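For reference, the structure is listed below as structure tokens.
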Amino acid sequence: MLLRLLLLICAPLCESIELLLIVSPSPPIEGKTMTLTCKTQPPPQKLDAKLQFRFYRDGRSLGLNWNSLPEFRIPAVRKADSGSYWCEAKITSIKVKLSRRVQIAVHRVPVGNVSLEIQPPGGHLMEGEKLVLVCLVTGGTGDIIFYWFRGARGLSLKTKTQRSLIATCEIPAVRESDSDQYYCAADNGYGPSLSELVSITVRIPVSRPVLTLRAPGAQLVVGHMVELHCEAQRGSPPILYQFYHENVTLGNSSASFGGGVSFNLSLTAEDSGNYYCEANNGQVAQRSEVVPLNIKVHMEDRNEVLTSGIIELLLGILAPTTLAILFCCWLKRKIGRCTAKDAVRSIPNPVPQESNYLNSQAPEQLHPDYENVNIVSGDEVYSLVYCVQQEQPSAAESPPGIHPGDKDPSAIYSRLKKADLTDMDYDDVM
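Residue numbers (mature numbering (1 follows the signal peptide of the UniProt record, and there is no 0)): -16 to -1, 1 to 414.
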């Protein structure tokens, strides 16, 4: 009886009520909130009971229960949420009316600004490194399909679908054959958008180089030209090669197209020893094995080296004695007498010793012989003059008043410390 009474009371009122479904925003954007509002026209003011609402899409209820609020929200609407919507209102258990159906199409934002980035950056990798291809879009909503391609022909590498603006494709260990151009594409229903091409270069680390000595004969001698050839059998160019003798760098050269490099060496007596080379193309330098080089020195070359060393040694020893020799000859010429052994005695030993100088009163007995021993150093010539003396007369032939044991009163006995040439006459010395 009560239900019938309510129907009789509500019937005229319900006939005057209209329901209107309002969608906000219109059209809805994928990924954003969509709000559905069930609006009554005019509002039921004379009813004591409140209205309750329910929303539908394609014949299915969107909520589990009736709600006193005339709104229904979808937080992140998707393209799949497109369809036919309407709402319904009731008073207690009595259905009042349905709204008209509204066709809602959820709009997607097309993807845009597709780009491809690589890790590590730069596009140059060593064989065995991991390559990561990162595809990015700056716009686009909903599920996005990402594609990765290789080469101008577009060899497909991978496809991935996800609701994100970024996706990655990995190559765990690149090989030299992976050197190529790459690009990616993204599509969310409006057709694929392509990135620009990115070049990838995979370099091979250098292997241990081999050092080879190329000589004109089996036996190396001074003056021969030897070619040092260094070559790594594996490695991406350019490769920088360096040559070493012991720990001394001889030189370096770069090979832009493989095949190794050479270094020419004109052999001297000092070039014997160990040689090796290094190869480097930007990762880790590799060193060759040590190759010994033994040089045969001819006897005349040894004599030259020995003579040169002796001359340098003599010049070092005789340099301070030359002034003493010149001083001795000058002094004896001044006093007019020079004994046979004076010049020889005037040559001091390396260890300073006393030198006695004796002048004879009978210059006519002197028969000096001169023997030049030339020592050349640069532009200077040093000579030693030896005076040869005849035998001393016997005691019977000695002049009166002079005994053999007596010394010539004009003889000079001195200890040579330092020759002072400031008083010497250049002409007298010469």
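Just so you know, even glycine gets a beta-carbon here, dropped at the ideal spot from N, CA and C.
Owing to the predicted nature of the structure, the values given are computational and were not obtained by experimental measurement.
Write down every uninterrupted run of the beta strand (DSSP E) in the segment 206 to 248 whose length is 3 residues or greater and which is fully enclosed by it, in chain order.
-> Counting only runs of 3 or more, we get 209 to 215, 223 to 229, 232 to 239.
Best match in PRO11, PRO105, GLU55 for proximity to ILE88 [C-alpha to C-alpha] | The option with the nearest alpha carbon to ILE88 is PRO11.
Answer yes if the segment 150 to 162 comes into contact with the segment 115 to 133, meaning at least three C-beta pairs across the two stretches below 8 Å, and no otherwise.
-> Per the Cβ contact rule, the segment 115 to 133 is in contact with the segment 150 to 162 (3 or more Cβ pairs under 8 Å).
Ends of the beta strand (DSSP E) at TYR174?
-> Neither: TYR174 is in no beta strand (DSSP E) and is coded neither H nor E.
For the candidate residues GLY112, HIS229, SER163, whose alpha-carbon lies nearest to that of PRO276?
-> By alpha-carbon distance to PRO276, the top candidate from GLY112, HIS229, SER163 is HIS229.
So, is PHE133 buried or exposed, given that buried needs 16 or more other C-beta atoms within 10 angstroms?
-> It counts as buried.
Reference SER240, options SER250, GLY219, ASN172, closest by Cα | Across the set SER250, GLY219, ASN172, the C-alpha of GLY219 shows the shortest separation from the C-alpha of SER240.
Helix or strand or just coil, what does DSSP make of ALA64?
-> The answer is helix: DSSP assigns ALA64 an H, G or I state.
Cβ neighbour criterion (16 or more within 10 Å) applied to ASN265 = With 16 or more Cβ atoms within 10 Å of its Cβ, ASN265 is classed as buried.
Is SER10 near the ligand FAD, judged by its Cβ being under 8 Å from some heavy atom?
-> For the ligand FAD, the structure offers nothing, since it holds no ligand at all.
Nonlocal neighbours in the same chain, by C-beta distance under 8 Å from ILE150, ignoring five residues either side = Here the set comprises VAL118, CYS119, LEU120, VAL121.
Of all the options ILE184, LEU100, ALA202, which has the alpha carbon lying nearest to the alpha carbon of CYS168?
-> Cα-wise, what sits closest to CYS168 is LEU100.
Inter-residue CB distance, PRO189 and GLU111 (contact presumed, cutoff 8 Å) = For a cut-off of 8 Å, the C-beta gap from PRO189 to GLU111 is around 7 Å, short enough to register as a contact.
In chain order, what residues of the same chain lie with their CB nearer than 7 Å to the CB of LEU4, ignoring the 5 residues before and after it?
-> Contacts found: LYS23, GLN25, SER83.
GLU254 - DSSP class collapsed to helix/strand/coil | Three-state DSSP puts GLU254 in a helix.
Would you check if the distance between the CB atom of ARG92 and the CB atom of TYR174 is smaller than 9 Å?
-> Yes, these two residues count as a Cβ contact at 9 Å.
DSSP state of ASP127 mapped onto helix, strand, coil | ASP127: coil per DSSP, three-state reduction.
Using a threshold of 9 Å, state whether the C-beta atoms of THR17 and ILE58 are closer than that.
-> Closer than 9 Å, so yes.
Could you please give the first and the last residue of the uninterrupted beta strand (DSSP E) stretch that includes LYS23?
-> 18 to 25 is the extent of the beta strand (DSSP E) around LYS23.
So what does DSSP say about residue 437, is it helix, strand or coil?
-> Residue 437 is absent from the structure shown; the chain starts at -16 and stops at 414.
Thinking C-beta only, is THR196 closer than 9 Å to LEU212?
-> A contact, by the Cβ cut-off of 9 Å.
Might you give, ordered along the chain, the residues of its own chain that have their beta carbon closer than 7 Å to the beta carbon of ILE6, omitting 5 neighbours on each side?
-> Cβ neighbours of ILE6 beyond the five flanking positions: THR21, LYS23.
Collapsed DSSP secondary structure at SER191 in the structure displayed | SER191 sits in coil when the DSSP states are folded into three classes, being neither helix nor strand.
What residue from ALA64, PRO221, ASP162, PRO104 has the CA that sits closest to ILE13's CA?
-> For ILE13, the nearest C-alpha among the options comes from ALA64.
How long is the line joining the alpha carbons of PHE37 and ILE78, rounded to whole angstroms?
-> The alpha-carbon separation between PHE37 and ILE78 amounts to approximately 12 Å.
Counting only the same chain and skipping the five closest in sequence on each side, list residues whose C-beta sits under 7 Å from that of GLU160.
-> The residues are GLU111, VAL186, ILE188.
What is the DSSP secondary structure of SER161, reduced to helix, strand or coil?
-> Three-state result, SER161: helix.
Sort THR143, SER163, ASN172 by Cα distance to residue 434 and report the nearest one.
-> Nothing can be reported for residue 434: it is not among the residues displayed for the chain, which extend from -16 to 414.
Excluding sequence positions up to five away, which residues of its chain have a Cβ less than 6 Å from the Cβ of VAL90?
-> Excluding positions up to five away in sequence, the list reads PRO12, GLU14, VAL61, LYS63, ASP65, SER66.
What residue from GLU262, SER256, ALA202, GLU72 has the CA that sits closest to GLU2's CA?
-> It is GLU72 whose Cα lies nearest to the Cα of GLU2.
Taking ALA269 as part of the beta strand (DSSP E), name the residues at either end of that continuous run.
-> Going by DSSP, ALA269 is part of no beta strand (DSSP E) at all; its letter is neither H nor E.
Beta bridge counterpart(s) of GLN103 as assigned by DSSP = For GLN103, which the question treats as bridged, DSSP gives the partners VAL116.
Whole-angstrom distance between TYR260 and GLY138, CA atom to CA atom = GLY138 and TYR260 have their C-alpha atoms spaced approximately 47 Å apart.
Out of curiosity, what's the CA-to-CA distance linking VAL268 and PRO94?
-> Distance between the alpha carbons of VAL268 and PRO94: 47 Å.
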